[in-house]
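Numbering (my numbering), first residue to last: 12 to 427.
Using N, Cα and C, we set each Cβ at its ideal position, and we do this for glycine too.
A quick note: this is a predicted structure, and the numbers were derived from the prediction, not measured.
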């Protein structure tokens with residue numbers, strides 16, 4: 012779990028958290044508009060989302076280990092190519108390739124591993140993974156701020172390629188195991204009693220076909236997508252947003268790191284509550300409400316006190332991105348086809364959220380301000396709250412109980 016959290020931190024830092032640091036250097040170097048530069052992250056989200064169902068089926072059939080290794084190799088190629096960018100179409104193409112690699116080294120493989128290795132403390136396990144997302148911003152943003160200042164944006168991409176290979180290749184080969192049974196354990200890390208037969212329990216859960224035919228699937232998926240639409244636009248444009256109120260680039264990057272780090276406590280708290288509460292939707296509504304309040308504060312005031320309040324509310328909202336999808340899916344649909352369902356949710360969520368950074372960039376290019384973008388965030392969080400409430404009121408599908416192994420006598424009787 013510790014290694015997985017580090018892997019999550021590295022992936023989020025390289026593709027997501029650090030993206031805002033490249034916006035101004037590319038604007039100045041190539042004369043591209045903010046909307047044009049921001050379109051790359053939307054393309055990466057699109058390619059990541061389109062690849063997610065295939066990655067999910069791959070992981071359900073072959074395990075997360077091979078997906079992580081292949082994603083690291085593909086990602087390293089993408090970053091080397093990004094360092095050679097000299098035209099806008101290359102910027103889009105190569106960042107789109109990085110998005111495919113992200114789908115193989117981010118949410119789906121790590122959350123699948125956590126779901127297969129843990130049952131009683133699954134929420135805490137997912138919370139540990141979520142801490143990795145915060146660490147990616149808290150530690151990675153200031154580091155890459157220094158790297159970009161020292162080596163320029165193209166040198167930073169080469170460093171990203173080296174880091175990806177240096178971590179994920181040995182981690183995938185020597186640490187990751189797809190299932191606890193691969194190392195003689197069972198779920199939750201318990202060892203099998205000496206001499207006891209090792210039975211590999213069959214995970215239970217609805218198939219993708221049955222899941223998508225339920226109203227609660229669509230309510231949860233749209234709620235998650237709208238939350239990501241608002242929160243992701245905020246994260247991508249956080250650095251230029253802070254700079255637009257006359258903060259220095261260094262201070263803007265530091266505030267983004269604080270935004271990332273502030274989510275550590277909230278993610279662990281959400282994980283703790285998820286293991287103890289019967290319903291997860293009320294927690295999700297609180298998270299969305301915190302995002303709404305953070306956006307509203309910054310819309311009406313940009314003083315030091317307002318920034319402090321923004322960071323306080325965002326600390327709660329930041330706990331959502333890594334927890335809403337896996338906990339909601341597992342609670343309602345089980346774990347048997349978790350990666351496949353998660354990949355499908357990712358496609359829908361990505362399709363809805365990918366316009367966000369581009370729209371925000373276009374709003375700034377047109378108005379010279381982020382005010383209408385903040386209004387858009389508020390609307391997205393409010394719609395997500397409503398949909399989580401609807402999901403809470405809808406009936407849940409019946410997940411089949413695990414089949415008990417047949418006794419030898421029963422097996423003989425069935426043959427007779």
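Query: Coarse secondary structure for residue 162, derived from DSSP in three states; Result: helix
Query: Inter-residue Cα distance where the pair is residue 408 and residue 295; Result: 20 Å
Query: Rounded separation between residue 28 and residue 217 - CA only; Result: 34 Å
Query: Straight-line gap, residue 155 to residue 148 (C-alpha atoms, nearest Å); Result: 10 Å
Query: Residues that residue 216 bridges to, as DSSP identifies them; Result: 345
Query: Short Cβ contact (8 Å threshold) for residue 141 with residue 402; Result: no
Query: Supposed close pair residue 360, residue 232 - CB separation, criterion 8 Å; Result: 7 Å
Query: As assigned by DSSP and simplified to three states, the class of residue 316; Result: helix
Query: Beta-carbon proximity check, residue 228 vs residue 222, cutoff 8 Å; Result: yes
Query: Backbone CA spacing between residue 139 and residue 126 [nearest angstrom]; Result: 12 Å
Query: Collapsed DSSP secondary structure at residue 43 in the structure displayed; Result: coil
Query: Span separating the alpha-carbon of residue 302 from that of residue 195; Result: 43 Å
Query: Supposed contact pair residue 324 and residue 304 - C-beta distance, whole angstroms, cut 8 Å; Result: 4 Å
Query: Residue 21 burial status per 10 Å Cβ neighbour count (16 or more: buried); Result: buried
Query: Residue 355 burial status per 10 Å Cβ neighbour count (16 or more: buried); Result: buried
Query: 8 Å contact criterion, which residue 83 and residue 183 should meet: CB distance rounded; Result: 7 Å
Query: Unbroken alpha helix (DSSP H) run spanning residue 98, endpoints; Result: No alpha helix (DSSP H) holds residue 98; DSSP gives it neither H nor E.
Query: Burial state of residue 167, where buried means 16 or more other Cβ atoms lie within 10 Å; Result: buried
Query: Close beta carbons around residue 145, own chain, < 6 Å, minus the five adjacent residues each side; Result: 271, 272, 274 and 275
Query: For residue 381, the three-state DSSP class (helix, strand or coil); Result: coil
Query: Spatial neighbours of residue 96 in its chain, beta-carbon cut-off 7 Å, leaving aside the 5 residues before and after; Result: 102 and 105
Query: Inter-residue CB distance, residue 277 and residue 392 (contact presumed, cutoff 8 Å); Result: Contact doesn't hold; Cβ gap of about 15 Å is too wide.
Query: For residue 340, the nearest candidate out of 252, 317, 384 and 225 (CA to CA); Result: 225
Query: Rounded Cβ spacing between residue 58 and residue 110 (contact assumed at less than 8 Å); Result: 4 Å
Query: Residue 352 to residue 67 span [Cα, whole Å]; Result: 8 Å
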